[in-house]
Amino acid sequence: MTTAGQVFFSAMAAYAFSRLRWPGRNKVFAIFLATMMVPPIFTALPNFLMIKNLGLLNTFAGLALPFMFMTPFAIFFLRQFFLSMSREVEEAAMLDGAKHLRIFFQIVIPNAAAPLATLALLTFIGQWNEYFWPLLVGQDESVRVLTVGLGVFKSQSPQGRRTGVGSWPPPSWQRCPS
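Positions 1 to 178 (our numbering) are the ones given, in order, by the sequence shown.
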């Protein structure tokens, strides 16, 4: 859900930033890119309060919404690809009477299959590795994602023997023949 939403909305925003002409476009894009420098932990509290006020705590929508919209890296990535695409095909479609939406869905999206697949893969991996936000928003077991569930399982399971980085001596030394 998050991957499809992020790819779709990022592609639309990137198309608007790369092809549509409107006043202040470059300034808005520069401000938008500046948000990439803000660490995600700083936006966690405002996002949490927004999700709480919308009544989306302990829902899958609350887990996904902050990552679906306004993702600066995804928009930057797709915008750079759209800027490198030739405009002649789009101009030919406009001469045939196509509007921006038709050009976007029938010309730009099919030609951008590789970057869209790359972005989908990067988004999926990023969401798979996300731990803090699902732990914060999905406190109920019914919306617990796998990464949080594994962390809870590990913390609740008994540790039979010493394992991990801090175990000394190494297990191979512990079984020395006598």
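Where is the CB? At the ideal position from N, CA and C, for every residue including glycine. Please read all numbers here as calculations on a predicted model, not as lab measurements.
To the nearest angstrom, report how far apart residue i and residue j are at their CA atoms.
| i | j | result |
| --- | --- | --- |
| glutamate 91 | alanine 11 | 19 Å |
| valine 28 | leucine 101 | 22 Å |
| phenylalanine 48 | leucine 136 | 8 Å |
| proline 39 | proline 158 | 35 Å |
| phenylalanine 67 | methionine 85 | 27 Å |
| leucine 95 | leucine 122 | 36 Å |
| tyrosine 15 | tryptophan 22 | 13 Å |
| phenylalanine 9 | threonine 43 | 20 Å |
| glycine 151 | methionine 1 | 23 Å |
| arginine 25 | alanine 74 | 17 Å |
| isoleucine 41 | alanine 93 | 44 Å |
| isoleucine 31 | methionine 37 | 11 Å |
| asparagine 111 | glutamine 156 | 49 Å |
| alanine 98 | valine 89 | 11 Å |
| threonine 35 | isoleucine 51 | 20 Å |
| phenylalanine 60 | leucine 54 | 13 Å |
| alanine 113 | phenylalanine 124 | 16 Å |
| alanine 117 | lysine 154 | 33 Å |
To the nearest whole angstrom, what separates the beta carbons of residue i and residue j, a pair I think is in contact under 8 Å?
| i | j | result |
| --- | --- | --- |
| glycine 138 | leucine 63 | 6 Å |
| asparagine 58 | valine 143 | 5 Å |
| arginine 79 | serine 18 | 5 Å |
| phenylalanine 81 | proline 115 | 4 Å |
| leucine 65 | leucine 56 | 7 Å |
The ligand MN heavy atoms versus the CB of residue i: any closer than 7 Å?
| i | result |
| --- | --- |
| alanine 13 | In the structure on display, the ligand MN does not appear, and there are no ligands present to speak of. |
Residues in its own chain within less than 7 Å of residue i by CB, not counting five upstream and five downstream?
| i | result |
| --- | --- |
| leucine 33 | Pro72 and Phe76 |
| glutamine 127 | Thr2, Thr3 and Phe67 |
Which same chain residues, not among the five before or five after residue i, have their C-beta less than 6 Å away from its C-beta?
| i | result |
| --- | --- |
| alanine 4 | none |
| alanine 120 | Thr3 and Val7 |
| alanine 13 | Ile75 |
Give me, in chain order, the residues of the same chain whose beta-carbon lies closer than 8 Å to that of residue i; leave out the 5 immediate sequence neighbours on both sides.
| i | result |
| --- | --- |
| leucine 83 | Ser18 |
| threonine 147 | Trp128, Asn129, Glu130, Tyr131 and Pro134 |
| aspartate 140 | Asn58 |
Runs of alpha helix (DSSP H) lying entirely within the region 31 to 94, each at least 4 residues, in chain order: 40 to 53, 60 to 68 and 72 to 84
Given 8 Å, three or more beta-carbon pairs between the region 129 to 136 and the region 96 to 107: Judged by Cβ distances under 8 Å, the region 129 to 136 makes no contact with the region 96 to 107, as fewer than three pairs qualify.
Ranges of the alpha helix (DSSP H) found wholly within the region 109 to 133, counting only runs of at least 4: 113 to 129
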